[in-house]
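Numbering (my numbering), first residue to last: 2 to 484.
Structure below.
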């Protein structure tokens, strides 16, 4: 069929069967998802999946970057093996983490993970150079101790020679793009997560970097979602047996997920539910006010210069940690069912830092309940219920804060990502917020990644058309709010 691309003022012929590949790497797993349009709907197929987690390397929590890249190649090889070769591909990952590269394009140090403790106290060193209020006014990004701005201060303070030797700083998906194409290119949505992008210029805040003593020359030019990075290098083509054009999706996984919110309503409230829960709205302008800062809202970059006005919530990390601590003897569905049978009413503060990276999530939850005089959970179902009910309670608080900040009422919450499968949590969210909850699609990040690729190549005329297609293509479950 013919797709009219008004922006380029030309017609693009879209051949049925063209494959688009999303490589979506989260903090607990990664997957290769192929997408294509068939009978007007977006079809998704999982080709390859692999595990991911931070590893303790000599006392530091790090990502195994070499293994992750090998998994990327493994999935690409699988595409070739089954005869479903993508014409385009894009990589998204979690945000804030980065690597430093020397003049010979070799890694400097490890790819340290955001849950590592190296940033402790680094916020105060940053604030000696610029007050937090001024920093928020410039960047609009909420304070999180693991933000790139604080990680860089840790490198500058503890490993200054690494910064001195660095030729480039690349966020994790950008580094993988470089290994595939030989091209170094930053991407807007992920760049904003560093807390080093100015909301007015929508570019790196070099004045801020100089104030903090960070070398400005290591930051690559920022590209926008939909831009081409390049094609596979000769070495990669030889290894996997085909060529492919690498495009920039929204490389921050949450930004990709928000692209896939199946709604074109102006009053859409979304909850990207995964290892982290990100609840917010889309705005055309940031809110960098002191009141917004006091609520710890962030103004992260989105597709087409939209702003993702949202708050980070601890998310499914807590239930993932519980599941792992129980030796994976229970599935997530079983944990939901056990939680539903529990009568415990204890609520913990999901935002308490003790839950960020505890040695034992069970001990952390029990310790909090003991301190607050709450019923202490010991059974598996009670532990799961405390986590799910606490998350739903936190979601309710954030909804109230968003409505207060915007002066608007939001009738529904669109839950996207893996958490859309958590029936009990979704039921509790509808109950505690009083909002209708629409859950799905579950693979929102991969879908949003592919949608941006399709927008870039003319399959969709605009974001509205893409979101309508997503709504028509995937199952959306409805949980009625209890007002």
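Glycine residues also receive a C-beta, built at the ideal position from the N, C-alpha and C atoms.
Quick caveat: nothing in here was measured; it's all calculated off a predicted structure.
DSSP bridge partner residues for residue i (one or two, in chain order)
i           : result
residue 63  : 56 and 113
residue 187 : 223
residue 310 : 282 and 300
residue 1   : Any property of residue 1 remains undetermined from this structure, which presents the chain solely from 2 to 484.
residue 386 : None; residue 386 has no bridge partner.
residue 415 : 271 and 439
residue 23  : 34 and 91
residue 172 : 99
residue 331 : DSSP lists no partner for residue 331.
residue 253 : 94
Residue from the options whose Cα sits closest to the Cα of residue i
i           : options               : result
residue 467 : 456, 366 and 162      : 456
residue 25  : 201, 447, 324 and 472 : 447
residue 306 : 98, 344 and 260       : 260
residue 454 : 251, 72 and 127       : 251
residue 153 : 179, 121 and 444      : 121
residue 471 : 266, 44 and 381       : 44
residue 127 : 114, 209 and 88       : 209
residue 176 : 437, 377 and 106      : 106
residue 53  : 42, 438 and 71        : 71
residue 193 : 180, 241, 212 and 148 : 148
residue 374 : 139, 385 and 346      : 346
residue 280 : 41, 313 and 287       : 313
residue 431 : 409, 396 and 459      : 396
Sub-9 Å separation of residue i and residue j beta-carbons
i           : j           : result
residue 284 : residue 304 : no
residue 223 : residue 247 : no
residue 274 : residue 426 : yes
residue 357 : residue 420 : no
residue 381 : residue 349 : no
residue 451 : residue 231 : no
residue 234 : residue 173 : no
residue 445 : residue 417 : yes
residue 215 : residue 163 : no
residue 400 : residue 245 : no
residue 294 : residue 143 : yes
residue 150 : residue 195 : yes
residue 311 : residue 255 : yes
residue 435 : residue 478 : no
residue 73  : residue 31  : yes
residue 20  : residue 36  : yes
residue 170 : residue 240 : no
residue 141 : residue 190 : no
residue 66  : residue 108 : yes
residue 51  : residue 102 : no
Limits of the alpha helix (DSSP H) - the one that residue i falls within
i           : result
residue 127 : 123-128
residue 197 : First-last for residue 197: undefined, no H or E at that position.
residue 324 : 318-326
residue 262 : Segment: none, residue 262 is in no alpha helix (DSSP H) and carries neither H nor E.
Residue i versus residue j: straight-line alpha-carbon distance, rounded
i           : j           : result
residue 361 : residue 112 : 24 Å
residue 185 : residue 47  : 28 Å
residue 158 : residue 34  : 40 Å
residue 161 : residue 167 : 10 Å
residue 117 : residue 125 : 17 Å
residue 9   : residue 228 : Note that residue 9 has pLDDT 33, beneath the 50 cutoff, so the model's placement of it is unreliable and the number below is only indicative. The alpha-carbon atoms of residue 9 and residue 228 are separated by roughly 14 Å.
residue 352 : residue 393 : 13 Å
residue 330 : residue 480 : 28 Å
residue 465 : residue 449 : 13 Å
residue 79  : residue 372 : 51 Å
residue 12  : residue 296 : Only weak support is given to the placement of residue 12: the predicted model assigns it a pLDDT of 30, under 50, and the value that follows is read from those uncertain coordinates. C-alpha separation (whole angstroms): 47 Å.
residue 29  : residue 207 : 33 Å
residue 217 : residue 238 : 33 Å
residue 123 : residue 271 : 32 Å
residue 363 : residue 327 : 10 Å
residue 129 : residue 473 : 52 Å
residue 58  : residue 404 : 43 Å
residue 367 : residue 378 : 6 Å
residue 355 : residue 398 : 20 Å
residue 469 : residue 263 : 7 Å
residue 18  : residue 88  : 10 Å
residue 7   : residue 225 : Because residue 7 carries a pLDDT of 40, less than 50, the predicted location of this residue cannot be relied on, and no value is offered for it.
residue 115 : residue 98  : 6 Å
residue 3   : residue 461 : Caution is warranted here: a pLDDT of 30 is assigned to residue 3, below 50, making its placement in the model unreliable, and the coordinate value is therefore given only provisionally. If you take the alpha carbons of residue 3 and residue 461, they lie about 11 Å apart.
Any non-hydrogen atom of the ligand NAD within 8 Å of residue i CB
i           : result
residue 155 : You won't find the ligand NAD in this model; it holds no ligand whatsoever.
Where the beta strand (DSSP E) containing residue i begins and where it ends
i           : result
residue 31  : 30-39
residue 86  : Unbroken run through residue 86: none, as it is neither H nor E.
residue 229 : 229-232
residue 246 : 246-248
residue 480 : 478-480
CB contact check: residue i to chain C, cutoff 9 Å
i           : result
residue 376 : Reference to chain C is not applicable here, since this structure consists of a single protein chain.
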